[in-house]
Amino acid sequence: MPTLNDIRSTFLSYFEKQGHEVVASSPLVPRNDPTLMFANSGMVQFKNLFTGVEHRDYKRATTAQKCVRAGGKHNDLDNVGYTARHHTFFEMLGNFSFGDYFKEEAIPFAWELITKHFGIPAERLYVTIYHTDDEAFEIWKKVGVPESRIIRIATSDNFWQMGPTGPCGPCTEIFYDHGDHIWGGPPGSPDEDGDRFIEIWNIVFMQNEQFEDGSMKALDMQSIDTGMGLERIGALLQGSHDNYNTDTMRALIEASADVTSSDPDGPGKTHHRVIADHLRSTSFLIADGVMPSNDGRGYVLRRIMRRAMRHAHLLGSQDPVMHRLVPALVRQMGAAYPELPRAQALIEETLRLEETRFKQTLDRGLKLLDEELGGLADDAPLPGAAAFKLYDTYGFPLDLTQDALREKGRKVDTEGFDVAMAEQKAKARAAWSGTGESADLAIWFDLAETHGATDFLGYDTETAEGQM
Ligand code: ATP
Ligand code: MG
Ligand code: MG
Ligand code: MG
């Protein structure tokens, strides 16, 4: 059975043989791109090649790109633990053409790789196309996909965009049917959110650019951008529908079970999945220079870390455990990503310190949460003031509280949370204005509110995401 490391190599060498330059993954923190918080797809490092602003000495490239989807346009944080196919950190395998080949070659390349080289039976595959894309329809027919398995989709699912601005275009997606023992419907159906029909590969026909003012223009050249989740194709080739059963994820889940002395497949199963996933995103973010903080990228990191730490706590761990999982991750992925062993000591120390600190308030915060809930009607949302107290006094990011409540089928009154936050700000403002330094500080507070300031921005996931 091929490992994820094998599959990554097969993919890259297949496209290398087709004249593609093998390019290394870019760091998770995009260089010179303030519109994006983290690399969320393979095309991010090539953005300026698609728009023609930048040129390189190759017109075809292939990569395995580190991606984090924990905010902004593509946010899968809340899917982790609940679906079989989403991670916050994953690897996207891609092939790219910069004004070189287009649809006529990109579709057969993909089809040949998955049906011939990977040996996936064609009769389990479905494809979607953008509803008006007759060209793509004809090309799929030509490679041998029956008309009944080519589904036209009119929604944004088949018009790919990296974020609110940037290169974009119609796309075609390849789905695998894992069989009717798993719940879910085909793309475009009401049950498509299930895990029976899993999207494995997305091929984007890059031909437009989206601007901030809402306008979109046609690009001078037609390009190709594709993305296939390594863990999804890996699950398939390893005989499972579930990304978390792949060799790499399984090793991390077992490490998590080991350090918490619990059963990887027992009642704590979801906790182990979340921990394994969040271990990867936090470790790779730290390796790429992000440190936990109260704003921007650092706060997204802190939120992911603390979510994982709550799940470890629920498994009964008394002492910090996340840092003890890092060696297992380095064993799995260190050869492909040397930045990981290089930063190992820093990752371990950062996780250990954060978990040590958070443990001091986590237990008391969870008790407070239970008390608050105990005093409420069964379906009443947690009052905003309580969620704010958890945030302000116990260091619970709002989404951590929401994650805790979701297990109980309950919600937070987020409007009330915002009100409590605004009151706190007003109080801070009033306190400062009594110091006689009010004029300057009033300006500072205004700037902070407009642009986001270190101390205040962190709490507000909406504001933080608005920046991406
Ligand atoms: P889905 O609809 O399943 O959420 P997507 O359409 O959002 O996927 P794309 O943006 O098209 O995903 O990304 C390209 C490929 O990357 C997908 O076809 C899938 O194989 C993989 N992928 C996307 N998101 C994730 C994730 N959160 N975890 C693991 N793999 C992912
Ligand atoms: Mg998605
Ligand atoms: Mg999709
Ligand atoms: Mg897609």
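Using full-length UniProt numbering, the letters of the sequence shown map in sequence onto residues 1 to 468.
All C-beta atoms in this analysis are idealised placements derived from N, C-alpha and C, irrespective of residue type, glycine included.
Residue 122 and residue 241: beta carbons closer than 9 Å?
In this structure, residue 122 keeps its C-beta atom at 9 Å or more from the C-beta atom of residue 241.
What is the chain-ordered set of residues for which the beta carbon lies under 6 Å from any non-hydrogen atom of ligand 5?
The model depicted lacks ligand 5 and carries ligand 1, ligand 2, ligand 3 and ligand 4 instead.
Keeping to the same chain, check which residues put their C-beta closer than 8 Å to that of residue 47; ignore five residues upstream and five downstream.
33, 162, 166 and 167, listed in sequence order.
Alpha helix (DSSP H) segments (min. 4 residues) lying fully within the segment 78–133:
Listed in chain order, the complete alpha helix (DSSP H) runs (minimum 4 residues) inside the segment 78–133 are 103–112.
Less than 9 Å between the C-beta atoms of residue 11 and residue 236, yes or no?
Result no, Cβ atoms of residue 11 and residue 236 do not sit closer than 9 Å.
Whole-angstrom distance between residue 392 and residue 293, CA atom to CA atom
Roughly 14 Å separates the two Cα atoms.
Which whole runs of the beta strand (DSSP E) in the segment 39–71 are 3 residues long or more, in chain order?
The segment 39–71 contains these whole beta strand (DSSP E) runs: 60–68.
Tell me whether residue 173 is buried or exposed, calling it buried when 16 or more other Cβ atoms sit within 10 Å of its Cβ.
Its Cβ being crowded by 16 or more others within 10 Å, residue 173 is buried.
Report buried or exposed for residue 332, applying the criterion of at least 16 other Cβ atoms within 10 angstroms of its Cβ.
Its Cβ being crowded by 16 or more others within 10 Å, residue 332 is buried.
Can you tell me the Cα-Cα spacing of residue 276 and residue 417, whole angstroms?
Their backbone Cα atoms lie some 30 Å apart in a straight line.
Please state whether DSSP places residue 341 in a helix, a strand or coil.
Three-state result, residue 341: helix.
According to DSSP, is residue 196 helix, strand or coil?
When secondary structure is reduced to three states using DSSP, residue 196 falls in the coil class, being assigned neither helix nor strand.
Per DSSP, which one or two residues make a beta bridge with residue 160?
Residue 160 is bridged to 169.
According to DSSP, which residues form a beta bridge with residue 74?
DSSP lists 71 as the beta-bridge partner residues of residue 74.
For the alpha helix (DSSP H) containing residue 314, list its first residue and its last residue.
Per DSSP, residue 314 belongs to the alpha helix (DSSP H) from 296–314.
Pull up the distance between the alpha-carbon of residue 364 and that of residue 426, whole angstroms please.
It is roughly 27 Å from the alpha-carbon of residue 364 to the alpha-carbon of residue 426.
Do you know offhand how far residue 210's Cα is from residue 74's?
For residue 210 and residue 74, the gap between their C-alpha atoms comes out near 16 Å.
Looking only at its chain, what residues have a beta carbon closer than 7 Å to the beta carbon of residue 104, apart from the 5 residues adjacent to it on each side?
The residues are 139.
If I'm right that residue 63 touches residue 23 with Cβ under 8 Å, what's the distance once you round it to whole angstroms?
Taking a contact as a CB-CB distance under 8 Å, the pair residue 63 and residue 23 counts as one, their CB atoms being some 5 Å apart.
Three-way DSSP call (helix, strand, coil) for residue 222 in this model:
Look at residue 222 here: in three-state DSSP terms it is strand.
May I have a chain-ordered list of the alpha helix (DSSP H) segments no shorter than 4 residues that lie completely inside the segment 341–422?
Restricted to the segment 341–422, the alpha helix (DSSP H) segments that are unbroken, complete and at least 4 residues in length are 344–374, 384–394 and 398–406, listed in chain order.
DSSP state of residue 151 mapped onto helix, strand, coil:
Residue 151: strand per DSSP, three-state reduction.
Local Cβ density within 10 Å of residue 348, reported as buried at 16 or more and exposed below that:
Under the 10 Å beta carbon count, residue 348 is surrounded by 16 or more other beta carbons and is classified as buried.
Just to confirm, are residue 249 and residue 278 a CB contact at a threshold of 9 Å?
No.
I'd like the list of long-range same chain contacts for residue 21, defined as Cβ closer than 6 Å, with 5 residues on each side in sequence excluded.
Within the same chain, residue 21 has close Cβ partners 58 and 61.
From this set, 423, 222 and 408, which residue's C-alpha is nearest residue 100's C-alpha?
Distances from the CA of residue 100 to each of 423, 222 and 408 were compared; the closest alpha carbon is that of 222.
Kindly indicate which residue of 44, 356 and 36 has the alpha-carbon position closest to the one of residue 494.
Given a span of 1 to 468 for the chain in the structure shown, any question on residue 494 remains unanswerable.
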